[in-house]
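To start, the structure itself, in structure tokens.
Residue numbers (the numbering used here): 28 to 124.
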């Protein structure tokens, strides 16, 4: 018998938003900047689409490509590949919403 867990309710509402961003991904002693795009966003996080490999727990910075270029510290919560090769989505939790 398998138990199915119900997803936890979202803490804040997600709003669909395709915003070009720079995603700074940290690995051990290095960091690299990648072009990316949000899929949706909320006060506490965002779903982003990028051609970069990420892992849950990894530290990232989200920087809007346009307008106010304020860096937002975040942490990867989940990752998922999508149909296009080398392209994936990740859930980013903002450290200070």
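By construction, the Cβ of each residue, glycine as well, lies at the ideal position given by its N, Cα and C atoms. Fair warning: this is a prediction, and the values are worked out from it, not measured in the lab.
Here DSSP, grouped into helix, strand and coil, assigns residue 42 to strand. In its chain, beyond the 5 residues on either side, 76, 115, 116 have a beta carbon closer than 8 Å to the beta carbon of residue 109. For the beta strand (DSSP E) assignment, the uninterrupted runs of no fewer than 3 residues enclosed by the stretch 77-113 are, from N- to C-terminal side, 86-91, 99-108. With a contact defined as Cβ atoms closer than 8 Å, residue 119 and residue 72 qualify at about 5 Å. Nearest in C-alpha terms to residue 55, of all of 94, 49, 121, 87, is 87.
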